[in-house]
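Below: the structure, in structure tokens.
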Amino acid sequence: MAENRILILDFGGQYNQLIARRVRECGVYSEVRGYEMMTLEDIRQFDPKGIIFTGGPQSAYGEGAPSIDKGVFDLGVPILGICYGAQLMAHMLGGEISSAPTSEYGRTEVTVTDKTGLLVGADDVNVCWMSHTDYISRPPEGFVITARTADCPVAGIENRERGFYAVQFHPEVNHTANGFAFLKRFVLEICGCAPDWHMESFARTQIEEIREKVGNGRVLLALSGGVDSSVVAALLAKAIGPQLTCVFVDHGLLRKDEAAQVASVFGEGGHFDLRFVMVDAAQRYYKKLAGVTEPEAKRKVIGEEFIRIFEEEAKKIGAVDYLAQGTIYPDLIESGLGSSAVIKSHHNVGGLPEHVEFREILEPLRMLFKDEVRQLGRELGLPEEIVSRQPFPGPGLGVRIIGEVTEEKVRVVQDADAIYREEIAVAGLAGSISQYFAALTNMQTVGVMGDFRTYDYAIALRAVITSDFMTAEAAEIPWDVLQRVMTRIVNEVDHVNRVFYDLTSKPPGTVEME
Ligand code: XMP
87 MAENRILILD FGGQYNQLIA RRVRECGVYS EVRGYEMMTL EDIRQFDPKG
137 IIFTGGPQSA YGEGAPSIDK GVFDLGVPIL GICYGAQLMA HMLGGEISSA
187 PTSEYGRTEV TVTDKTGLLV GADDVNVCWM SHTDYISRPP EGFVITARTA
237 DCPVAGIENR ERGFYAVQFH PEVNHTANGF AFLKRFVLEI CGCAPDWHME
287 SFARTQIEEI REKVGNGRVL LALSGGVDSS VVAALLAKAI GPQLTCVFVD
337 HGLLRKDEAA QVASVFGEGG HFDLRFVMVD AAQRYYKKLA GVTEPEAKRK
387 VIGEEFIRIF EEEAKKIGAV DYLAQGTIYP DLIESGLGSS AVIKSHHNVG
437 GLPEHVEFRE ILEPLRMLFK DEVRQLGREL GLPEEIVSRQ PFPGPGLGVR
487 IIGEVTEEKV RVVQDADAIY REEIAVAGLA GSISQYFAAL TNMQTVGVMG
537 DFRTYDYAIA LRAVITSDFM TAEAAEIPWD VLQRVMTRIV NEVDHVNRVF
587 YDLTSKPPGT VEME
């Protein structure tokens with residue numbers, strides 16, 4: 087791993103992943119660690135060039151408040167406290183924290199009074215993102231005040247001699263003007279980190295490590311064709327190619343031409359030297375799904391069938407030493423590696439198979455964020471269609487066809503979706519929409535085509551803007567683009583005579599239909 091490392095001590099804040107991502111955007115490796123897991127010795131072992139204390143929901147002076155060994159202040163390492171982290175730093179060094187007469191939430195004007203330390207380049211009145219009910223009512227000795235707001239007399243403090251910096255606002259969120267510049271200043275200049283974290287060197291060291299670990303062992307990977315498992319396949323192929331078998335199950339619920347695309351990259355004559363097993367399970371799925379209409383029941387059938395097929399294929403291959411998985415860093419953080427609330431447990435198609443013999447799990451992407459995974463994929467020579475692929479649910483089109491799944495409905499939704507994606511790309515909108523797809527509503531309506539009455543399917547178009555997929559808003563797609571998509575779908579896709587645009591945000595909707 088990189089030599090220059092920033093340790094992010096997680097006190098339970100909402101934006102901790104974002105802090106880690108921002109630091110890595112500076113080209114510096116960072117990790118989020120729960121405060122309760124880190125003794126002073128662990129921190130020394132981590133050998134950080136700088137430490138960031140995150141926000142958190144508690145009061146620094148409260149009983150049992152999240153805290154850290156006071157020896158952290160004697161390590162000679164710069165520390166940046168954010169929100170709760172700022173209050174904790176002030177509290178531990180002898181300052182005073184109180185409940186603020188007025189809480190601050192959201193965009194807040196911060197008057198910057200000292201721009202010589204952390205806040206170089208700040209505006210005189212710098213709009214920042216706040217979220218706090220306590221504040222620093224008296225800074226510790228040796229600190230100067232660098233910023234204030236109308237309701238908060240201490241919005242920033244510093245002890246430059248000792249390398250301690252604290253801000254009440256959140257520099258990591260986009261709403262804070264110059265926030266990224268402040269983090270960059272801390273990481274690159276104050277901590278003196280060299281920007282040595284990039285995917286080219288990550289690929290090189292990972293390939294060496296995987297070779298060393300796997301030796302002559304055999305590795306099995308369930309390849310879904312999504313970004314994460316594709317990048318794992320490419321990485322493992324480069325490291326231990328002929329010892330790797332990728333099993334790709336085409337459940338007949340993939341997007342149009344997707345199976346062929348995956349096969350062309352990973353199969354015979356493709357970019358990599360590995361064993362590629364493609365299982366055409368479409369008919370098997372359509373049979374299993376016949377008559378199943380309840381969303382959870384459909385998901386269950388799809389997930390379980392995937393596991394059964396994977397097990398059957400694994401049995402043919404025989405015992406393997408390692409099972410590889412495309413787990414990425416947000417999956418780990420969200421399953422409670424840090425101390426922020428568990429938001430959702432990681433859901434791949436159905437989880438781990440029970441009857442596959444293997445010694446250990448390999449998760450080479452476990453410390454990477456999504457954008458880093460994509461970058462790594464490019465580094466490894468994966469085509470852009472795979473690297474920039476949008477999230478696609480494990481159950482595939484099964485959750486985009488409302489009600490019963492049939493082969494005909496799959497064909498209808500695949501064709502409509504392909505047109506939608508093509509037009510979004512032509513309009514230059516692909517990069518600005520987080521996820522978009524066509525779904526098939528469970529209704530038929532009356533229409534007229536030529537001089538004839540039709541009674542056909544209605545397609546729903548969905549497009550959302552989101553940063554974390556936990557909440558989302560419908561994207562504002564220009565009317566002319568929607569018109570073009572509608573015209574093409576009703577003209578080119580058999581048995582569709584109506585197109586809807588889904589305006590629903592999440593909540594109350596979800597991104598997928600089921
Ligand atoms: P929802 O519909 O829950 O979707 O708002 C949020 C994000 O998760 C994706 N999604 C899934 N991904 N297996 C997955 O790997 C699943 O079962 C699954 N269900 C939803 C969805 O595409 C969106 O990006």
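When we follow the numbering used here, the leftmost residue of the sequence shown carries the number 87, and every step to the right adds one. Just so you know, even glycine gets a beta-carbon here, dropped at the ideal spot from N, CA and C.
Judged by beta-carbon spacing, Leu307 lies within the 9 Å limit of Ala319, meaning their Cβ atoms are closer than that value. In the three-state DSSP reduction, Val579 falls in the coil class, being neither helix nor strand. Taken atom to atom, the span from the alpha-carbon of Leu104 to that of Tyr115 is near 13 Å.
Judged by DSSP in its simplified three-state form, Ser287 adopts helix. Put simply, the region 337-351 touches the region 464-472. At least three CB pairs are less than 8 Å apart.
Scanning the region 239-324 from its first residue to its last, the whole alpha helix (DSSP H) runs of 4-plus residues come out as 265-270, 285-300. Using a cutoff of 8 Å, the CB of Gln254 does not count as near the ligand XMP, since none of the ligand's heavy atoms is closer than that.
Taking Thr188 as reference, the option from Cys332, Tyr221, Leu174, Arg574 with the minimal CA-CA separation is Tyr221. Distances taken from the Cβ of Gly480 to the heavy atoms of the ligand XMP include one shorter than 8 Å.
Per the C-alpha coordinates, the member of His261, Pro226, Asn577 positioned closest to Asp501 is Asn577.
Within the same chain, and ignoring the five residues on either side of Gly303 in sequence, the residues whose Cβ sits closer than 7 Å to its Cβ are Gln329, Asp407, Tyr408. Beta bridge pairing from DSSP links Arg539 with Val534. For Ser474, the secondary structure class from DSSP, reduced to helix, strand or coil, is coil. In the DSSP annotation of this structure, the continuous segment of the alpha helix (DSSP H) that includes Arg460 starts and ends at 456-465. For Lys201, the three-state secondary structure derived from DSSP is coil.
Taken atom to atom, the span from the alpha-carbon of Glu458 to that of Phe392 is near 28 Å. In the structure shown, His177 falls within a helical segment according to DSSP collapsed to helix, strand and coil.
In the three-state scheme derived from DSSP, where H, G and I count as helix and E and B as strand, Ser591 is classed as coil. Residue state for Asn90 is assigned as coil, using DSSP reduced to three classes. For Glu227, no alpha helix (DSSP H) encloses it, and the DSSP letter there is neither H nor E. In the displayed model, Arg507 falls within a helix according to three-state DSSP. In this structure, the beta-carbon distance from Gln173 to Ser217 does not fall below 9 Å.
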